[in-house]
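Peer 1: Protein sequences, first through last, are from chains A and B.
One gets the working numbering by counting positions in the first sequence from 1 and adding 12 to each.
One gets the working numbering by counting positions in the second sequence from 1 and adding 12 to each.
Dumping the structure here so I can ask a few things about it.
Protein chains: 2
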Amino acid sequence: MRVILNTNYASHNGAGEVHHGELVPCFENPTRIDSILQTFKAYGVTEYQTPEDFGLEPILAVHDSDYVDFLQHIWQEWQAAGNTVDLIPYIWSASGLPANHNHPSLNARAGTYAFSSDSPITAGTWESTYWAAQSALTALQQVNQGQRAAFSLSRPPGHHAHAGLYGGYCYLNSTAIAAQAALTQGASKVCVLDVDYHHGNGTQDIFYPRSDVLTVSLHGHPDTNFPYFLGYDTEIGTGDGEGYNINIPLPDGTAFSTWSKQLHDISDRIHAFGADVLIVALGVDTFEGDPISKFTFTTADYLTMGQQIAAFNLPTVFIMEGGYDVGPIGENVYNVLAGFELAK
Amino acid sequence: MRVILNTNYASHNGAGEVHHGELVPCFENPTRIDSILQTFKAYGVTEYQTPEDFGLEPILAVHDSDYVDFLQHIWQEWQAAGNTVDLIPYIWSASGLPANHNHPSLNARAGTYAFSSDSPITAGTWESTYWAAQSALTALQQVNQGQRAAFSLSRPPGHHAHAGLYGGYCYLNSTAIAAQAALTQGASKVCVLDVDYHHGNGTQDIFYPRSDVLTVSLHGHPDTNFPYFLGYDTEIGTGDGEGYNINIPLPDGTAFSTWSKQLHDISDRIHAFGADVLIVALGVDTFEGDPISKFTFTTADYLTMGQQIAAFNLPTVFIMEGGYDVGPIGENVYNVLAGFELAK
Chain A
13 MRVILNTNYA SHNGAGEVHH GELVPCFENP TRIDSILQTF KAYGVTEYQT PEDFGLEPIL
73 AVHDSDYVDF LQHIWQEWQA AGNTVDLIPY IWSASGLPAN HNHPSLNARA GTYAFSSDSP
133 ITAGTWESTY WAAQSALTAL QQVNQGQRAA FSLSRPPGHH AHAGLYGGYC YLNSTAIAAQ
193 AALTQGASKV CVLDVDYHHG NGTQDIFYPR SDVLTVSLHG HPDTNFPYFL GYDTEIGTGD
253 GEGYNINIPL PDGTAFSTWS KQLHDISDRI HAFGADVLIV ALGVDTFEGD PISKFTFTTA
313 DYLTMGQQIA AFNLPTVFIM EGGYDVGPIG ENVYNVLAGF ELAK
Chain B
13 MRVILNTNYA SHNGAGEVHH GELVPCFENP TRIDSILQTF KAYGVTEYQT PEDFGLEPIL
73 AVHDSDYVDF LQHIWQEWQA AGNTVDLIPY IWSASGLPAN HNHPSLNARA GTYAFSSDSP
133 ITAGTWESTY WAAQSALTAL QQVNQGQRAA FSLSRPPGHH AHAGLYGGYC YLNSTAIAAQ
193 AALTQGASKV CVLDVDYHHG NGTQDIFYPR SDVLTVSLHG HPDTNFPYFL GYDTEIGTGD
253 GEGYNINIPL PDGTAFSTWS KQLHDISDRI HAFGADVLIV ALGVDTFEGD PISKFTFTTA
313 DYLTMGQQIA AFNLPTVFIM EGGYDVGPIG ENVYNVLAGF ELAK
């Protein structure tokens with residue numbers, strides 16, 4: 013399988029995130045990709061494709077232009093104002109405090125565009141997230157050019173980012189950008205399958221009123237898991253999109269067998285949708301050792317997951333999302349791709 | 013002047029607040045009151061009245077009952093869930109992420125009830141904020157019983173708290189609670205004068221549609237100062253309340269002479285309103301040395317401020333709000349009260 017590596021993956025490197033009452037080192041950091049590269053090397057994967065630059069257009073097809081402008085320029089403004097630490101929002105426009113996307117204060121602007129304080133904006137945030145998106149688009153290009161599948165190995169992740177909101181370590185939603193680009197480039201229907209431990213709230217929100225993208229997410233139940241406010245099975249889409257969003261929230265402690273059965277149970281709906289392309293939001297934070305997640309998947313389970321994804325028999329773009337147990341992250345990702353390939 | 017001391021002022025003692033990209037020690041901490049008590053002692057003030065307990069009713073006359081219930085019980089739930097650090101919200105219900113006041117996750121509930129991450133909830137938060145409110149009500153009682161003025165010396169402050177939102181170091185809005193109680197106890201009209209460096213967004217929001225409370229706030233301009241989203245001079249009230257909210261945002265670096273002239277310029281409007289009681293939200297973070305504010309008032313200026321407040325010639329309840337330069341905080345507060353008394 014072709015692997016596209018976001019060579020700017022390390023530029024975004026936050027000092028810390030607000031996590032359950034403390035400022036802790038960022039779980040989402042460059043060592044995640046370092047570790048995957050190391051494991052891949054051990055498995056004989058040494059060739060990586062460099063992302064092509066498709067520019068801002070496919071990004072703006074998904075994200076609000078003022079939001080993209082914010083992400084692109086906020087660090088320079090923040091630095092010019094004399095700040096040396098990361099930008100972490102500490103006030104936000106709650107109900108009764110009117111949002112202002114043009115607020116002269118960078119703190120207020122960040123608090124208007126963010127929904128969580130776990131996602132610092134740093135010197136390299138734009139560079140990393142821009143090339144993560146380009147990397148996803150390059151993976152799509154490979155599939156459009158006839159490859160059965162391709163993998164975008166990149167960070168930061170994207171699936172929590174809304175059209176105009178960042179949070180959950182996500183800035184640009186590479187998964188949604190690739191899904192939209194697939195349509196723009198000729199697909200009639202796209203299915204996004206989000207296997208990350210966390211609900212893909214951004215992707216859901218972006219395609220919520222639409223019937224040309226079926227968004228499916230299996231994840232830790234929002235009663236007890238980030239992003240809390242979205243991810244319930246009652247969220248089925250709206251208007252034309254009604255019936256085109258499927259959430260499968262699962263309890264803490266869920267094992268792969270349960271997860272796998274749930275995916276199997278909705279396979280007919282996915283097949284019936286008739287997608288031309290499958291975009292997989294590939295998080296491996298479902299792993300039993302993940303520091304911020306609560307499923308109990310084993311490394312071997314990811315082989316089966318890959319095989320199960322292959323059974324949809326669709327051109328498939330894998331896009332790297334979460335996974336924070338840096339030790340086995342490479343094996344887990346490799347196994348999904350290997351399982352998929354084995355099922356050829 | 014009678015001084016009512018919230019004897020539980022030290023119970024709320026947060027470990028840290030998110031401030032411009034870092035977790036820093038809380039600016040709003042018990043040493044503020046310790047320091048005032050020390051200075052007051054040096055000036056010969058040694059008698060303090062203990063707050064009476066007026067119960068929840070006057071609090072519920074201002075705050076939503078579910079919010080009060082949240083403040084009262086969240087720490088126990090947080091602790092029962094095994095947490096040992098303060099509760100600081102790190103995700104919030106931004107636009108597109110629906111608020112849920114009954115969310116099973118305490119993180120999500122905190123993010124629904126908070127508008128900033130500078131206000132930790134700790135073991136003693138409820139106790140301190142409850143008795144801060146009772147302290148304000150006791151000061152009002154003194155005035156209702158014929159005292160010309162009384163001062164509630166307490167923390168945490170209150171003026172940023174909305175009917176159902178905490179933030180800016182504020183949980184229960186003692187100022188609004190005292191203003192509402194004054195009406196309940198027979199006043200026809202109440203004027204709230206907020207002289208804290210920061211806009212009294214909570215007090216404004218609570219009385220925004222009403223004409224029986226004139227809310228006046230002079231403060232650092234929201235373009236560059238907390239709470240950013242509110243405090244503009246275009247916010248004049250709504251419906252029956254139109255014309256009953258006055259905001260005077262002033263630029264960074266403003267000296268007392270300018271501030272004083274601005275207050276003088278609207279004195280006629282305050283007189284014309286015909287309040288029965290004046291509630292002063294007394295912050296002294298307008299001081300030149302304040303670590304999070306940008307006005308340049310001197311200690312001597314506060315004497316003049318007190319005299320200017322006395323000129324409204326109304327029964328007056330002073331309620332302690334902000335002020336974070338712990339060194340001279342006692343002198344600055346004392347001078348406001350002394351200036352007021354001198355103007356007898």
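Backbone N, C-alpha and C fix where the C-beta goes; we use that ideal spot for every residue, glycine too.
(1) Against chain B, which members of the stretch 161-187 of chain A pass a CB distance test of less than 9 angstroms?
(2) What are the start and end residues of each continuous beta strand (DSSP E) run of 3 or more residues lying completely inside the stretch 270-354 of chain B, in chain order?
(3) Run through the DSSP bridge pairs and tell me what residue 232 of chain B is partnered with.
(4) Since residue 297 of chain A and residue 291 of chain A are thought to touch, with beta carbons under 8 angstroms apart, how far apart are those beta carbons, to the nearest angstrom?
(5) Leaving aside the five residues before and after residue 228 of chain B along the sequence, list all residues of the same chain whose C-beta is less than 6 angstroms from its C-beta, in chain order.
(6) Under 9 angstroms Cβ-Cβ, which residues of chain A neighbour residue 97 of chain B?
(7) For residue 28 of chain A, which option in B:28, B:25, B:34 has the closest C-alpha, if you only look at C-alpha atoms?
(8) Sort B:102, B:108, B:159 by Cα distance to residue 127 of chain B and report the nearest one.
(9) Per DSSP, what are the beta-bridge partners of residue 161 of chain A in this structure?
(10) Hey, does residue 221 of chain A have any beta-carbon neighbour from chain B nearer than 8 angstroms?
(11) Between residue 178 of chain B and residue 217 of chain A, what straight-line distance do the alpha-carbon atoms span, to the nearest angstrom?
(12) DSSP three-state label for residue 267 of chain A, please.
(13) Name the residue from B:70, B:32, B:203 whose alpha carbon lies nearest to the alpha carbon of residue 281 of chain B.
(14) I'd like to check one pair, residue 86 of chain B with residue 80 of chain B: are the Cβ atoms closer than 8 angstroms?
(15) With a threshold of 8 angstroms between beta carbons, is residue 115 of chain A in contact with chain B?
(16) Which of the three DSSP states, helix, strand or coil, is assigned to residue 113 of chain B?
(17) Going by CA-CA distance only, name the one from A:277, A:285, A:299 that's closest to residue 320 of chain A.
(18) Would DSSP call residue 227 of chain B helix, strand or coil?
(19) Please list, in chain order, the chain A residues whose beta carbon lies closer than 8 angstroms to that of residue 11 of chain B.
(20) Could you tell me the distance, in whole angstroms, from the CA atom of residue 194 of chain B to the CA atom of residue 152 of chain B?
(21) Enumerate in chain order the residues of its own chain whose CB-to-CB distance from residue 26 of chain B is below 6 angstroms, with the five nearest sequence positions on each side excluded.
(22) Is the beta carbon of residue 150 of chain B less than 8 angstroms from the beta carbon of residue 188 of chain B?
(23) Just to make sure I have the definition right: I need the residues of chain B whose C-beta is within less than 7 angstroms of the C-beta of residue 241 of chain A. Which are they?
(24) Using beta carbons (cut-off 8 angstroms, strictly below), is residue 45 of chain A in contact with chain B?
(25) Any idea what DSSP makes of residue 103 of chain B, helix, strand or coil?
(26) Kindly say whether residue 82 of chain A, judged by its beta-carbon, lies nearer than 8 angstroms to any beta-carbon of chain B.
(27) Which residue wins for smallest C-alpha separation from residue 64 of chain B, given the options B:15, B:77, B:91, B:104?
(28) Taking its Cβ as the centre, do 16 or more other Cβ atoms sit within 10 Å of residue 284 of chain B, making it buried, or is it exposed?
(29) Provide the residue span of the alpha helix (DSSP H) that contains residue 85 of chain B, from first to last.
(30) How long is the line joining the alpha carbons of residue 45 of chain A and residue 317 of chain A, rounded to whole angstroms?
(31) Are the C-beta atoms of residue 127 of chain B and some chain A residue less than 8 angstroms apart?
(32) Assuming the contact rule is C-beta atoms closer than 8 angstroms, residue 83 of chain A and residue 183 of chain A should be a hit. Round their C-beta distance to whole Å, please.
(33) If we define contact as Cβ-Cβ less than 8 angstroms, is residue 78 of chain A a contact residue for chain B?
(34) Report the option in B:209, B:138, B:247 whose CA atom is closest to the CA atom of residue 226 of chain B.
(35) If you measure between the beta carbons of residue 240 of chain B and residue 114 of chain A, is that distance less than 8 angstroms?
(36) Suppose the cutoff is 7 angstroms on Cβ atoms and the five residues either side in sequence are ignored; what does the same chain contact list for residue 220 of chain A look like?
Peer 2: On the basis of the data shown:
(1) 174, 175, 176, 177, 179, 180
(2) If we require 3 residues or more, the beta strand (DSSP E) runs fully inside the stretch 270-354 of chain B come out as 289-294, 328-332.
(3) B:262
(4) Incorrect: roughly 18 angstroms between the Cβ atoms, too far for contact.
(5) 205, 258
(6) 32, 33, 34
(7) B:34
(8) B:102
(9) A:328
(10) no
(11) C-alpha of residue 178 of chain B to C-alpha of residue 217 of chain A: approximately 28 angstroms in a straight line.
(12) coil
(13) For residue 281 of chain B, the closest C-alpha among the options B:70, B:32, B:203 is that of B:203.
(14) Cβ atoms of residue 80 of chain B and residue 86 of chain B: not closer than 8 angstroms.
(15) yes
(16) coil
(17) A:277
(18) If DSSP states are grouped into helix, strand and coil, residue 227 of chain B belongs with the strands.
(19) Residue 11 of chain B falls outside the range modelled here, since chain B spans only 13 to 356, and no answer is possible.
(20) 7 angstroms
(21) Correct list, in chain order: 38, 98, 132, 134.
(22) no
(23) Chain-ordered, the chain B residues with CB closer than 7 angstroms to the CB of residue 241 of chain A read 105, 109, 110, 112, 120.
(24) Answer no: the Cβ-Cβ gap between residue 45 of chain A and chain B never drops below 8 angstroms.
(25) strand
(26) no
(27) Residue 64 of chain B has its Cα closest to that of B:15, out of B:15, B:77, B:91, B:104.
(28) exposed
(29) DSSP places residue 85 of chain B in the uninterrupted alpha helix (DSSP H) bounded by 77-92.
(30) Each residue's Cα considered, the two are about 21 angstroms apart.
(31) Yes, its Cβ sits closer than 8 angstroms to a Cβ of chain A.
(32) 6 angstroms
(33) So, not an interface residue.
(34) Residue B:247 is the option with its Cα nearest to residue 226 of chain B.
(35) no
(36) 249, 250, 253, 257
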